[in-house]
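One structure is given here, and the rest of the page talks about it.
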Amino acid sequence: MQVDGARILIVGATGVLGGRVAHALASRGARLALTGRDADRLDSVARETGAVCTFKLDVIDTTACGDVVRGAVDDLGGLDAVVVAHGLAAFGAAADTDEAVAEELLTVNTLAVMALARAALGQLSDGGVLCVVTAVLADMPMAGMAAYSASKAATSAYLSAIRREVRRSGVQVFDVRPPHMDTGLVDRAITGEPPRLPTGHDLDDVVEHLVRGLEEGKRELVADARGGALMLR
8 MQVDGARILI
18 VGATGVLGGR
28 VAHALASRGA
38 RLALTGRDAD
48 RLDSVARETG
58 AVCTFKLDVI
68 DTTACGDVVR
78 GAVDDLGGLD
88 AVVVAHGLAA
98 FGAAADTDEA
108 VAEELLTVNT
118 LAVMALARAA
128 LGQLSDGGVL
138 CVVTAVLADM
148 PMAGMAAYSA
158 SKAATSAYLS
168 AIRREVRRSG
178 VQVFDVRPPH
188 MDTGLVDRAI
198 TGEPPRLPTG
208 HDLDDVVEHL
218 VRGLEEGKRE
228 LVADARGGAL
238 MLR
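Add 7 to the 1-based position in the sequence shown for my numbering, that's all there is to it.
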């Protein structure tokens, strides 16, 4: 996909990673529609990136997710890519995880992505990209993060399945499974104390690989299990 001039919706643009991605894509000439929960931060990122339009969105409302996709299509005059960069964390042993916590994690990390994908797949142009940031825990679940790991693994499996469904349509599905990053997600966890986590991977490296993956039509961004280097495939 050629980023210059591409019409791209970024979900979660008020987060650390989503904001970095927005700036990187804007610097390459993309025309952006941005979403986020924090209205002030959303306005700030929009000004900094010259976004075409913004939508205040809490993805816990999965119906609103589809409405935002359709609004972005109207305002941008079409859609070449959707980058989903929102997320929610929670910590604690599986036996101690409240049902409401598990339900909220799955709604935000999985069901909202499914709602966004359903709305986007019929709107993306030939050669368009659905890009979703899942997590390395989709492949390597961690004790103390069972519900979070499950939500990311479910999303990754969903992306693998729809990639097969749309392979003849010209739409690419890009699953970004980075290692732990210092984005503040840990500090915003809805419950529990985090287990011991590795040093956060360099954010700029993740953003650079994500943008390259969009440009080159890659299917996955993963971290090498031995050295932690990012790989596109």
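Note that the Cβ used here is the ideal one computed from N, Cα and C, for glycine as well. All figures in this text were calculated on a predicted structure; none of them were measured in a lab.
Item, Value
"Using a Cβ-Cβ cut-off of 7 Å (strictly less than) and excluding sequence neighbours within five positions of Leu32, which residues of its own chain qualify?", "Val10, Ile15, Leu39, Val218"
"Distance check for Thr104 and Asp212, CA to CA, integer angstroms please.", "33 Å"
"Please determine if the segment 161–173 and the segment 190–204 are in contact, where contact requires at least 3 C-beta pairs separated by less than 8 Å.", "no"
"So what does DSSP say about Glu55, is it helix, strand or coil?", "helix"
"Tell me where the beta strand (DSSP E) around Val229 begins and ends.", "227–230"
"According to the neighbour-count rule (16 or more other Cβ atoms, all chains shown, within 10 Å of its Cβ), is Arg184 buried or exposed?", "buried"
"Does the separation of the CB atoms of Val59 and Asp82 fall below 8 Å?", "yes"
"In the DSSP assignment, what residue or residues form a beta bridge with Ile15?", "Leu39, Ala88"
"So Gly73 is in the alpha helix (DSSP H); what residue range does that whole segment cover?", "69–83"
"In chain order, which continuous runs of the alpha helix (DSSP H) of length 4 or greater are located wholly inside the segment 160–234?", "210–223"
"Going by alpha carbons, who is nearest to Asp74 out of Leu123, Ala109, Ala102?", "Leu123"
"For the ligand HEM, any of its heavy atoms closer than 7 Å to the Cβ of Ala119?", "Only the bare structure without any ligand can be found here, which leaves the ligand HEM out of the picture."
"Mind reading off the beta-carbon distance from Val139 to Thr162? Whole number of angstroms is fine, and I expect it under 8 Å.", "7 Å"
"Pull up the distance between the alpha-carbon of Thr198 and that of Ala107, whole angstroms please.", "11 Å"
"How far does the beta strand (DSSP E) with Gly135 in it extend, from its first residue to its last?", "131–140"
"Quick one: grab the DSSP three-state call for Met121.", "helix"
"Please classify Gly99: does DSSP put it in a helix, a strand, or coil?", "strand"
"Can you give me the C-alpha to C-alpha distance between Asp100 and Glu200, rounded to a whole angstrom?", "Note on identity: in this sequence residue 100 is Ala, with Asp being the wrong assignment. Going by the C-alpha atoms only, they are around 10 Å apart."
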